[in-house]
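Chains as they are written, first to last, in our numbering: chain D, 2 to 315; chain X, 2 to 315; chain E, 2 to 315.
Beta carbons: idealized from backbone N, C-alpha and C, even for Gly.
Keep in mind it's a predicted model, so treat the numbers as computed, not measured.
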Amino acid sequence: MKINHDIQLSDGTLKHFLNINNLPKSYIEDIICRAEKLHGSSEITAYKGRVVASLFFEPSTRTKTTFELAAKKISADFINIDIANSSTSKGESIIDMIKTIEAMNCNMFVVRHSVPGTAHYIAESVSSNIAVINAGDGSNEHPTQAMLDMFTIKKHKGSFENLKVSIVGDILHSRVAKSLIFSLNTLGTKAINIVGPKKLIPDSYAEWKVQYFEDMDQGIENSDVIIMLRLQKERMHDALISLDSYYEEYGLNQTRMLRAKKDVIVMHPGPINRGVEIESSVADGPNSVILNQVSYGISVRMAIMSILFDNNNL
Amino acid sequence: MKINHDIQLSDGTLKHFLNINNLPKSYIEDIICRAEKLHGSSEITAYKGRVVASLFFEPSTRTKTTFELAAKKISADFINIDIANSSTSKGESIIDMIKTIEAMNCNMFVVRHSVPGTAHYIAESVSSNIAVINAGDGSNEHPTQAMLDMFTIKKHKGSFENLKVSIVGDILHSRVAKSLIFSLNTLGTKAINIVGPKKLIPDSYAEWKVQYFEDMDQGIENSDVIIMLRLQKERMHDALISLDSYYEEYGLNQTRMLRAKKDVIVMHPGPINRGVEIESSVADGPNSVILNQVSYGISVRMAIMSILFDNNNL
Amino acid sequence: MKINHDIQLSDGTLKHFLNINNLPKSYIEDIICRAEKLHGSSEITAYKGRVVASLFFEPSTRTKTTFELAAKKISADFINIDIANSSTSKGESIIDMIKTIEAMNCNMFVVRHSVPGTAHYIAESVSSNIAVINAGDGSNEHPTQAMLDMFTIKKHKGSFENLKVSIVGDILHSRVAKSLIFSLNTLGTKAINIVGPKKLIPDSYAEWKVQYFEDMDQGIENSDVIIMLRLQKERMHDALISLDSYYEEYGLNQTRMLRAKKDVIVMHPGPINRGVEIESSVADGPNSVILNQVSYGISVRMAIMSILFDNNNL
């Protein structure tokens, strides 16, 4: 086995959790397996005294709060670094800031930043006894979101080999979409469709094992899973499409739902734009697992944190 | 017994804590009784693992911090949702935000919002296994403040049946005043006086069992309890009165104190405006229980949270 | 023994931790001794239930976060008072705010404020069962920083009697420098040099047992310890010196390092300005103990908090 020292320890186990791209299948399966064990468990005390520092350079409610709750559930201390009032606002470099927090005997960083690669950059700089988790790096990846999405599909569909999964929306700018496609591919999903206006599809999609549909009705035909992406309204201008036309062409409504399988599950990373990318009755309907995703997010983040603590002997 | 499903469970016990208006006397007494038991107790571990999410859409130091301390004292986790950086700032509706946090396995919401009825609106929307506490909804009610005020009066005066209580200030805009009047009435207070400039008294006061005094000396005559309200300086314009005249006519000073009973207690929800609605020597004097109120606020909030946890089997 | 009631209890032990100036040597040694015991210890449970309130009127990452981590390590609850959204923003006085938080059964305040003397002012106002720690008061003192610096020197150099310590930079505006000079003097440091542009040296330095050097090469000649101060760029205008000239004349670079002893340690309170007051290769080099200082800061703050809890029987 070739070791990728960016993310792996010398025994081949996962050191950091930075991306889904190139992440071996067994690692993804291990995380899902651990999350299943932890889901609904009572408090874990094995990680008492461990310190997790959260560094959110971009605002977040659900990702940050679920990380905080996940840390508490495994008895780790969770320290919110107040970026707006932090020393980076006094001109300190990110690395100096990281080294300083590291010197406070932190064991783990959870990082969100608008610049792609920031979590990797930090992972390269920290001491060997620190683990880094990427909580979203610009338009690159959002790997813990993808993991909770895989957990959701596993919970509701059992396995990936026979599934058709449709991802709908602004694929071009979505870090969620990228991490999703990588993980679905690794887990052997039978068919992955991407759906959206041509202008919101990256040229590079041809490299991925996906099929592109400009027409939504075709793109979700017979799907087992539909994953709607959040529309960034400010990006619609680039896409040369109005909000109304977008909803007409790509909004997931009751009529369109009939195209997919009867037991299709509808997913969304949130926050949802009702009446923009999804009809309220679908978001709140029996096929929607959108709120389950949030709940699973805690178990999946407990799993990732505890695996990294274990692997690094923290 | 008629069940009010807005706030009561089918066994008649309290589900949410949203308002004092129409709240049965026995509930108020139960809260005071529980608060007395919890006051000064060592840490309670019975609620370990419960998650309380605070949603303060308006700033607050004392209410939010006492809720946080009360939650810690009963071993519950307390999660501060950072509203300014939250997904509502990305256009998410309050209900979608609430549903998302609920999906994080929260057991209780503590809500403050400038729009009257927000806590009720949220209580109607949450799942059956969530309890909601109103920490102030616009000019409507501030029921936990009223409860700590009742606890304060109980502690210092024993019972309500023979008391004269005077509430002084801007009754019109004060949610504290409304909750106070409801709770004092329910507990059978002998006399409730409201005192303030005519322009700051609601027309509806006639419906309440209170007596209005425009003249402060008459309004606090022989009182057992004087509750001063915080003056919102920006509202004085509406009242057609200058700050100086207000203090002259309605400020509680040493001379005026002689009108009340010798053992009168002086209360204020804080923060106080010294020299605006109250003289410093009175605020800091032997009759003042203003800081006791703050301390009792922790016990009362411990009581309300623990009762709701118990009733909902959380 | 004459008791200084500002900071001492009637049995002569330390009540508050407000300044290094006039602090008896035995107190400083006791803190270092306690910090050595606590450094690297597992969690201390003796202070469970104690409540520490942090009042940072100025932003801070490292001081505030290390206080928070130190409090957690001795099992105390740590409450962040959100100053920007607090009642002082509604016009409440600091003392009323303090009295209110005190009424929430807090046992300790950690205060940073831009006005010199604020922590003292608060210490004079709180009840007898509250301890106050100064986390920086304007240009006056930063005593916990000085204590962690003394701990750092003790760890790396053993004792003070034979040491030459050079403090370089803007002595005039630096609260760190003042607390450093007081503590180094009290601990009997052989030689204390202060180095910087004349305009950034206070006239009062003659009262301290220090020697002033305008020339840096002379000022760090044969030093055992070099403490670089953070340059406030906005102050350079007053100093009639450009950033480039400053770095040329006072920046600590590899060449200058040769002037000092071979085993000199380089310290800095952080955040560092690379290429302004210190060369990157020196900041990251083998003589630098800058990140150790951060780590020691937790142990020293654990020591100070636990000593004050003990002395006050909290």
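Sub-7 Å separation of residue i and residue j beta-carbons
i                 : j                 : result
Asn312 of chain D : Thr14 of chain D  : yes
Thr187 of chain E : Tyr297 of chain E : no
Lys73 of chain E  : Asp78 of chain D  : yes
Leu149 of chain E : Met105 of chain D : no
Phe310 of chain D : Arg35 of chain D  : no
Ala178 of chain X : Leu19 of chain X  : no
Phe162 of chain E : Gly139 of chain E : Residue 162 of chain E is actually Glu in this sequence, not Phe. In this structure, Gly139 of chain E does not lie closer than 7 Å to Glu162 of chain E by Cβ.
Leu230 of chain X : Ser175 of chain X : yes
Ile221 of chain E : Val211 of chain E : no
Val116 of chain E : Leu56 of chain E  : no
Glu278 of chain D : Gly252 of chain D : yes
Ser180 of chain X : Ile299 of chain X : no
Ser27 of chain X  : Lys49 of chain X  : no
Met303 of chain E : Leu39 of chain E  : yes
Phe58 of chain X  : His143 of chain X : no
Leu201 of chain X : Ala240 of chain X : yes
Residue i, DSSP secondary structure in three states
i                 : result
Tyr48 of chain D  : coil
Ala26 of chain E  : At residue 26 of chain E the sequence reads Lys, which differs from the Ala that was named. Here Lys26 of chain E sits in helix by DSSP.
Ala71 of chain X  : helix
Ile32 of chain E  : helix
Glu103 of chain X : helix
Gln146 of chain X : helix
Asp239 of chain D : coil
Asp97 of chain E  : helix
Asp204 of chain D : helix
Gln1 of chain D   : In the structure displayed, chain D extends from 2 to 315; residue 1 of chain D sits before or after that span and is not available.
Leu244 of chain E : helix
Ala261 of chain E : coil
Ser160 of chain X : coil
Ile8 of chain X   : coil
Phe152 of chain E : helix
Ala284 of chain D : helix
Leu39 of chain D  : helix
Status (buried if at least 16 other CB within 10 Å, exposed otherwise) for residue i
i                 : result
Gly159 of chain E : exposed
Val226 of chain X : buried
Val267 of chain E : buried
Trp265 of chain X : Trp is not the amino acid found at residue 265 of chain X; the sequence shown has Val there. Buried is the call here.
Leu173 of chain D : buried
Leu259 of chain E : exposed
Val295 of chain E : buried
Pro272 of chain E : buried
Glu125 of chain D : exposed
Range covered by the alpha helix (DSSP H) that runs through residue i
i                 : result
Leu217 of chain E : According to the sequence as given, residue 217 of chain E is Met; it is not Leu. Residues Met217 to Gly220.
Asn293 of chain D : Ile291 to Asn312
Tyr213 of chain E : Unbroken run through Tyr213 of chain E is the beta strand (DSSP E), Gln212 to Phe214; no alpha helix (DSSP H).
Ile182 of chain D : Arg176 to Thr187
Ile123 of chain X : Thr119 to Ser126
Ala132 of chain E : Taken as a continuous stretch (DSSP letters only), Ala132 of chain E belongs to no alpha helix (DSSP H), being part of the beta strand (DSSP E) at Ala132 to Asp138.
beta-carbon residue i near the ligand ATP non-hydrogen atom, thresh 6 Å
i                : result
Glu59 of chain E : For the ligand ATP, the structure offers nothing, since it holds no ligand at all.
Endpoints, beta strand (DSSP E) assigned at residue i
i                 : result
Lys165 of chain D : Lys165 to Val169
Val111 of chain D : Met109 to His114
Ala192 of chain X : Ala192 to Val196
Asp83 of chain D  : From DSSP, Asp83 of chain D is part of no beta strand (DSSP E); its letter is neither H nor E.
Ile266 of chain D : Ile266 to Met268
*Could you please tell me which residues of the region 198-216 of chain D, in chain order, have their CB closer than 9 Å to any CB of chain X?*
Answer in chain order: no residues at all.
*Quick one, which residues of the region 48-64 of chain E are near chain X if we go by CB-CB under 9 Å, in chain order?*
Taking 9 Å as the upper bound on Cβ-Cβ separation, chain X lies near residues Lys49, Gly50, Val52 and Ala54 of the region 48-64 of chain E.
_Residues within the region 96-108 of chain X neighbouring chain D, beta-carbon criterion of under 8 Å_ = Within the region 96-108 of chain X, the qualifying residues are Asp97, Met98, Lys100, Thr101, Ile102, Glu103, Ala104, Met105 and Asn106.
*Would you list, in chain order, the members of the region 28-44 of chain X that have their beta-carbon closer than 8 Å to a beta-carbon of chain E?*
Residues passing the 8 Å Cβ filter: Ser43 and Glu44.
*Scan the region 65-85 of chain D for residues whose Cβ lies nearer than 8 Å to a Cβ of chain E and list them as they occur along the chain.*
Taking 8 Å as the upper bound on Cβ-Cβ separation, chain E lies near residues Asp78, Ile80, Ile82 and Asp83 of the region 65-85 of chain D.
*Could you name the residues of the region 257-278 of chain D whose beta carbon sits closer than 8 Å to any beta carbon of chain X, in the order they occur along the chain?*
If the cut-off is 8 Å between Cβ atoms, the region 257-278 of chain D has Gly271, Pro272, Ile273, Asn274 and Arg275 near chain X.
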